[in-house]
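Everything below concerns the one structure shown next.
In the working numbering, the protein residues as written are 23 to 130.
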């Protein structure tokens, strides 16, 4: 099944440690059914000093957003500002995402 969330969408976490946090989708991985949300699911990585391609990567502890499962987030409708499910409406040969709550077209 195709993923209805896209990069740039605002979502809210509904399960896990970061429950209730809203953020923007930075990256979508449809084959794994995962996505990366800004400021959510933060992890720390201990980075060694590496020399690659003529530049040196600085060592230290790097903090980054790890991918999370799509089932742990819900889309936030820009019109009604609520957590909603998305539907697909096909008109004139184009598929558009529609809010199931207020029936507003999400993407132009």
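Positions of the beta carbon are idealized from the N, C-alpha and C atoms, including for glycine.
Nothing here was measured: the structure is a model prediction, and the numbers come from that model.
Taking buried to mean at least 16 other C-beta atoms within 10 Å of its own C-beta, is residue 61 buried or exposed?
The residue you call residue 61 lines up with position 39 of the chain shown. Exposed, by the Cβ-count rule.
May I have the straight-line CA-CA distance separating residue 46 from residue 128, to the nearest angstrom?
By one-based count along the chain shown, residue 46 stands at place 24. By one-based count along the chain shown, residue 128 stands at place 106. Residue 128 has its alpha-carbon roughly 15 Å from the corresponding atom of residue 46.
Output needed for residue 90: all residues of its chain with C-beta closer than 6 Å, excluding positions within five of it in sequence on either side, in chain order.
Locating residue 90 in the chain shown gives position 68, counting from the first residue. Excluding sequence neighbours, residue 90 sits near 63.
Under the rule that 16 or more other beta-carbon atoms within 10 Å means buried, what is residue 114, buried or exposed?
Here residue 114 is taken as the residue at index 92 of the chain shown, counted from 1. Under this definition residue 114 is an exposed residue.
With H, G and I counted as helix, E and B as strand and the rest as coil, what does DSSP make of residue 128?
Translated into positions along the chain shown, residue 128 becomes position 106. DSSP places residue 128 in coil when its eight states are reduced to three.
When you compare the CB positions of residue 27 and residue 110, do they come within less than 8 Å of one another, or not?
Position 5 of the chain shown holds residue 27. Position 88 of the chain shown holds residue 110. The beta carbons of residue 27 and residue 110 sit no closer together than 8 Å.
Measure the CB-CB distance between residue 34 and residue 44 and report whether it falls below 8 Å.
In the chain shown, residue 34 corresponds to position 12, counting from 1. In the chain shown, residue 44 corresponds to position 22, counting from 1. At the C-beta level, residue 34 and residue 44 come within 8 Å of one another.
If I follow the unbroken beta strand (DSSP E) through residue 83, where does it start and stop?
In the chain shown, the residue the question calls residue 83 occupies position 61. Residues 82-87.
Per-residue DSSP class, three states only, for residue 72:
Counting from 1 along the chain shown, the entry for residue 72 is found at position 50. Here residue 72 sits in strand by DSSP.
Does the beta-carbon distance from residue 71 to residue 79 come in below 8 Å?
By one-based count along the chain shown, residue 71 stands at place 49. By one-based count along the chain shown, residue 79 stands at place 57. In this structure, the beta-carbon distance from residue 71 to residue 79 falls below 8 Å.
Return the Cβ separation of residue 108 and residue 120 in integer angstroms, given the expectation that the two are a contact with Cβ distance under 8 Å.
Looking up residue 108 in the chain shown gives position 86. Looking up residue 120 in the chain shown gives position 98. About 7 Å separates the two Cβ atoms, so the contact holds.
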